[in-house]
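Those protein sequences? They're chains A and B, same order as listed.
Per our numbering, numbering through the first sequence is continuous, rising by one, with the last residue being 359.
Per our numbering, numbering through the second sequence is continuous, rising by one, with the last residue being 1182.
Just so it is clear, CB atoms sit at the ideal spot from N, CA and C, and this is done for glycine as well.
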Amino acid sequence: MSWQVKTIAQRTGDLLPGSPWTAALYVLLTILAVTAFVTVAGLVLIYAERKIAAHFQCRVGPMRVGWHGVLQSIADAIKLLMKEDIVPRDADALLHILAPVLSFAGMLLVMIALPMSPSLQVADMNIGVLYVTAVSGLGVLGILLGGWSSNNKWSLLGAMRAGAQIISYEVSATLALLVVVLFAGTLQLSGIVQSQDTGWWIWRAHGCGLVAFAIFMIAGTAEINRTPFDLAEGESELTAGFHTEYSGLRFSFFFLSEFLNMFVLAAMASTLFLGGWMPLHIGHFAALNGVMDLLPPGLWFALKTTAIIFLIMWFRWTFPRLRVDQLMRLEWKILLPIGFVNLFVSAACVVTGFYFFAR
Amino acid sequence: MLANALPTLVFYLLAAISLTLAWSVVTGRRILRAAVSLMGVLAASAGLYLLLDSPFLAGVQVLVYVGGIVVLLVFAVMLTRTTELLEDHPSRHRQVIGGAVALAFFGLSYCMMTAPAFANRALTALPKNDVAAIGRALLDTGENGYALPFEVVSLLLLAAMIGGIVIARKPAALVKSEAHHG
Chain A
1 MSWQVKTIAQ RTGDLLPGSP WTAALYVLLT ILAVTAFVTV AGLVLIYAER KIAAHFQCRV
61 GPMRVGWHGV LQSIADAIKL LMKEDIVPRD ADALLHILAP VLSFAGMLLV MIALPMSPSL
121 QVADMNIGVL YVTAVSGLGV LGILLGGWSS NNKWSLLGAM RAGAQIISYE VSATLALLVV
181 VLFAGTLQLS GIVQSQDTGW WIWRAHGCGL VAFAIFMIAG TAEINRTPFD LAEGESELTA
241 GFHTEYSGLR FSFFFLSEFL NMFVLAAMAS TLFLGGWMPL HIGHFAALNG VMDLLPPGLW
301 FALKTTAIIF LIMWFRWTFP RLRVDQLMRL EWKILLPIGF VNLFVSAACV VTGFYFFAR
Chain B
1001 MLANALPTLV FYLLAAISLT LAWSVVTGRR ILRAAVSLMG VLAASAGLYL LLDSPFLAGV
1061 QVLVYVGGIV VLLVFAVMLT RTTELLEDHP SRHRQVIGGA VALAFFGLSY CMMTAPAFAN
1121 RALTALPKND VAAIGRALLD TGENGYALPF EVVSLLLLAA MIGGIVIARK PAALVKSEAH
1181 HG
């Protein structure tokens, strides 16, 4: 079964010569839809985080606003919108305002490249993986500037920790990405998904995929500053790190981009290692593949992404926070060497065609 | 008509953004704001590469310069004290050297742009521009390959990395005394 990938950008391009105004309307609608998706997904993720955290601790979590507290996030969002927006007197006001925007932009720009289904992807670039790695770097800059411009020692310390951590773990995450790029033979995200129609890379690569997946999840969790790698915010040490001085709408921008970065990480992990929107196929077993194809691709993507998000939330209540020296040792002395060896082994596998269902 | 005008419009927009931000990099008194402006300039050049149909180069530009160099720059500024970096009146010595370097760079760029060999190059057929082709060219030891420069650059990077580690390392005596004191 072959999949026809048609992105929203391509559809707009088709419209452009004949009716440019319809194309412009299309672009506008896309922007609106992405914004709406980001907002709603953010609210859902925050609710899920609170509920899952509560149940891990044998509590019930928010229960009062709506049925089982489903409207709690909306109430919180309204509260945040109505809060006073404070810029500290001695802060660099321009950079203080710019920082959350940069952080948000980094997340939003990755969002448009994610292949959610063959018909639901905003833009499908030839350099997809490179693009994702590149623009997610904007997020670090937002955090660094936010911490520096607040003119507060906690914020500065938090930002420095976050910067050092994200830069270090980016190396391992990229090495893990490269393994999949090697096997798939393309940087295009939809191409990577389609290369998995005889099986997902996590098991087709004789262990290389599994190791790369583990490295990617660890490094990714560190890159989005979540527990056990939340030294940058560590409420108990730094009172919240780089966003201590933020309030109201700007705080919610930081908060939202942090939560959606979790979604982006889960979506990237599922795209690269778990086949993205590709149903569970095993080689050329037509019967099984046919049954799996009954579920639409978009649903497969949603299921895989949700499972990984649950895994990331599970981490938070399983591992204690690392110390700074442990953090650096884990990256440079453990993950990085494993990543390099894994990359060499994968290259050997690809060159010799030694993996399941090699073409 | 609109489809043809669009790239031109985008080019002038990007050029205007680049020039404005580059001006504020040079004239800005606050070093971190200058760094942010520099980021804007580099991102705008990535946009120019996109206009020239080189998405790979644009991606690498953002990855290396915006995500790497500017982040390191901001990091270095954050580690140093900001008051020392406010330099209102550079010394005469620096002014002369700065002016000379700027003039030399301008002269070199002017000669390059107007050189006939360079100007004709744009009219000939462009080489195939995708990631696989770039990768093959980088590792090609043949006549049109870039294997030697590629290896030289990687050697340079390796040397820089080792140098960085050597500078950052604690002297052996210090490590010993720390271990002694627990």
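Excluding sequence positions up to five before and after H68(A), its CB lies less than 6 Å from no other CB in the same chain. Along the region 172-197 of chain A, going in chain order, the ones with a CB nearer than 9 Å to a CB of chain B are G185, T186 and L187. Using a CB distance cut-off of 8 Å, G1047(B) does not count as an interface residue toward chain A. For I167(A), the nearest CB of chain B lies under 8 Å from its own CB, placing it at the interface with that chain.
When only Cα atoms are considered, R250(A) and T35(A) end up about 16 Å apart. The alpha-carbon separation between M278(A) and F263(A) amounts to approximately 18 Å. At least one beta carbon of chain B lies nearer than 8 Å to the beta carbon of T133(A).
Chain-ordered, the chain B residues with CB closer than 7 Å to the CB of I127(A) read P1055, F1056, G1059 and V1131. Residues of chain A with a Cβ closer than 8 Å to the Cβ of M1161(B) do not exist; the shortest Cβ-Cβ separation is about 12 Å. According to the DSSP assignment, E1151(B) belongs to the alpha helix (DSSP H) that extends over A1147 to A1168. Contacts with chain B at 8 Å (Cβ-Cβ) include M160(A). Distance check between F216(A) and each of G199(A), G128(A) and V171(A) places V171(A) closest, using alpha-carbon atoms only. Contact between L94(A) and L138(A) is ruled out by a C-beta separation of about 17 Å, above the 8 Å threshold. In the three-state DSSP reduction, S149(A) falls in the helix class (H, G or I). In this structure the region 45-60 of chain A does not touch the region 148-162 of chain A; the number of beta carbon pairs closer than 8 Å is below three. Residues of the region 1023-1034 of chain B that bring their beta carbon within less than 9 Å of a beta carbon in chain A comprise R1030, L1032 and R1033, in sequence order. Non-local C-beta neighbours of A23(A) in its own chain, meaning closer than 6 Å and more than five positions away in sequence, comprise T12, L15 and L16, ordered along the chain.
The three-state secondary structure of L265(A), taken from DSSP, is helix.
Of the candidates D293(A), W300(A) and V140(A), the residue whose Cα lies closest to the Cα of E223(A) is V140(A). Residue contact check for V1166(B) against chain A: no CB pair falls below 8 Å. Taking a contact to require three or more Cβ pairs closer than 8 Å, the region 170-188 of chain A and the region 125-132 of chain A qualify as touching.
A direct Cα-to-Cα measurement between G1098(B) and F1106(B) gives close to 12 Å. Any Cβ of chain A closer than 8 Å to the Cβ of G1067(B) would place that residue at the interface, and such an atom is present. Rounded to the nearest whole angstrom, the CA to CA distance from I112(A) to V1070(B) is 24 Å. In this structure the region 194-209 of chain A lies against the region 281-290 of chain A, because at least three pairs of beta carbons, one per stretch, are closer than 8 Å.
Positions of the alpha helix (DSSP H) runs, each at least 4 residues long and wholly inside the region 123-206 of chain A, are given as 128-135, 137-149, 153-184, 189-194 and 201-204 in order along the chain. Assigned with DSSP and collapsed to three states, L1050(B) falls in helix. With a threshold of 16 other beta carbon atoms within 10 Å, H206(A) falls short and is exposed. Sequence-distant partners of V1077(B) (beyond 5 residues in either direction) whose C-beta falls short of 8 Å from its own C-beta, in its chain, are I1031, L1032, A1035 and L1085.
Partner residues in the beta bridge of L120(A), as assigned by DSSP, are S117(A). The alpha-carbon separation between T271(A) and A214(A) amounts to approximately 15 Å. Contact between W148(A) and L157(A) does not hold, since the beta-carbon distance rounds to 11 Å and is not under 8 Å. At a cut-off of 8 Å between beta-carbon atoms, L1139(B) makes no contact with chain A. In the three-state scheme derived from DSSP, where H, G and I count as helix and E and B as strand, R1094(B) is classed as helix. Under the Cβ criterion of 8 Å, D293(A) is not counted among the residues facing chain B. G339(A) sits close to A176(A), with the two beta carbons spaced by under 8 Å.
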